[in-house]
Structures are given as structure tokens and as C-alpha cells.
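This report concerns only the one structure given below.
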Amino acid sequence: QEVFSFVQKTVAGRIPLIAGIGGYDTAEVVKDFKTFDLSGYDAILSVGPYYNKPTQDGIYAHFKHIADAVDIPIFVYNVPGRTVASITPETLARLAKDCPNIVGTKDATADLTRPSKQRLLSGEKFIQLSGEDGTALGFNAHGGVGCISVTANVAPRLCAEFQQATLAGDYRKAIKLQDRLMPLHVALFVETSPSPV
């Protein structure tokens, strides 16, 4: 709560805020959502249940329970490299259809076919954010609209320029910026994130 309050006061409404709250115990995650004061936050980012290796129906039930318990917009964080359970585009589409407050995803799969598949299943209004800096160029070309970036912690201006170029469809400029940023993307993952940052 101290961290959430400090960030909210420091940002003071200048940019949208997304609070990260997740876990493998659905009841505990819901309890956290209800316990924390998230005044000033625009959305929540919640990771898929880790360690338990849930089925797609289990993942659906986890996020449906969370969505039913809170009224703030939710981004589903799909990071199978850390959770050992990938959330399929079909499961995300089902969640988006059944839960109006599930508004998008942070996709850290590095699978560049996913944004196109997800757009076809969930529609263009479903917000797709890359969670993998090195593939954000291709991700955005396939319909993504941004990146929750590790590298932006070190090079925020360049990352913002890169994202603006992709959103404007200026891929010539985006590729030049990608070439500048790629060595940093690689360096920031020589050890487990976030240690290199």
C-alpha cells in the first residue's frame, strides 16, 4: 500500500497508472484487490496463476473471479516463461467477452502470430501491449498498440519515440530506433529481470 500510495502521489495524475497485483491463489489476489486503496490508478495488471500449471478452464475461472470482484479495468499478463502456463488467445477472447472490465493483455510470449490471432478473436478494441522489448516492433506491426517495457526504465525517451513511430506507421524510423535499442534490450536480459535494470 505504501508503494501504491507513493507512486500515485508522485505521478499526481500526469500519466495513466497500472497497478500490478497477481498470484497463484485466486482468493488471495481478490483479497489484495479489495484491501489496497487504488485511488488514482486507471487499471490493474494481473499475471496468470503461476506454479500450479492450471488448465485453460482454470485460468479462465481465476480471471473471471477477479473480474467479478473488482470494477477497475484489468490487463491479463501472459508470461509463460515465468508462470509455466500460457493463456491461449481463445481463453483471452472468452474472458474479454464475459468480463467487460478485462480490457487487454500484456503479452510476453514473443510469439508474433498472437496479436493477429487475438485481434481476430477479441476485436480491435481489445488492447494488446507487448511485454517483450525485442519483439515489440513486430508485435505492433501485427496490431499491438504499445509495450510495457523493461528497456524504458533505462531509455524512456528512445522507447517512447520508438512506440510513437510504430503507432504512426513510420516503420522506417522505428527500425532505426530498434537498431539503437536492440543491444540494450539484449543487455537487460543477461540476467533475470529486473536485476540488469
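Residues in the sequence shown are numbered consecutively from 31, following my numbering.
Every residue, glycine too, gets a C-beta built ideally from N, C-alpha and C.
Here the structure is a predicted model, which means the values were calculated and not measured.
_Check whether the segment 181-193 and the segment 137-152 touch, using three or more Cβ-Cβ pairs below 8 Å as the test._
Counting C-beta pairs closer than 8 Å gives fewer than three between the segment 181-193 and the segment 137-152, which falls short of the contact rule.
*Answer with buried or exposed for residue 31, where buried requires no fewer than 16 other C-beta atoms within 10 angstroms of its C-beta.*
As a position in the sequence shown, residue 31 is number 1, starting the count at 1. When all chains shown are included, residue 31 counts as exposed.
*Please report the residue range of the alpha helix (DSSP H) in which residue 152 lies.*
Counting from one through the sequence shown, the residue named residue 152 turns up at place 122. Start and end: 144-152.
*With distances taken from CA atoms, which of 71, 130, 156 and 33 is nearest residue 97?*
For this step, residue 97 is matched to residue 67 along the sequence shown. Per the C-alpha coordinates, the member of 71, 130, 156 and 33 positioned closest to residue 97 is 130.
*So, using beta-carbon positions, are residue 47 and residue 81 closer together than 9 Å?*
Along the sequence shown, read from residue 1 onward, the residue named residue 47 stands at position 17. Along the sequence shown, read from residue 1 onward, the residue named residue 81 stands at position 51. No, the Cβ-Cβ distance between residue 47 and residue 81 is not below 9 Å.
*In this structure, does DSSP put residue 123 in helix, strand or coil?*
Reading the sequence shown from its first residue, position 93 is the one you call residue 123. If DSSP states are grouped into helix, strand and coil, residue 123 belongs with the helices.
*By a C-beta neighbour count over all protein chains shown, 10 Å radius and 16 as the cutoff for buried, is residue 194 buried or exposed?*
As a first step, residue 194 is located in the sequence shown; it is residue number 164 there, counting from the start. Flag for residue 194 reads exposed.
*If residue 180 and residue 227 are in contact, beta carbons under 8 Å, what's the gap, nearest whole angstrom?*
As a first step, residue 180 must be located in the sequence shown, where it is residue number 150. As a first step, residue 227 must be located in the sequence shown, where it is residue number 197. Going by Cβ atoms, the distance from residue 180 to residue 227 rounds to 6 Å, so yes, they are a contact pair.
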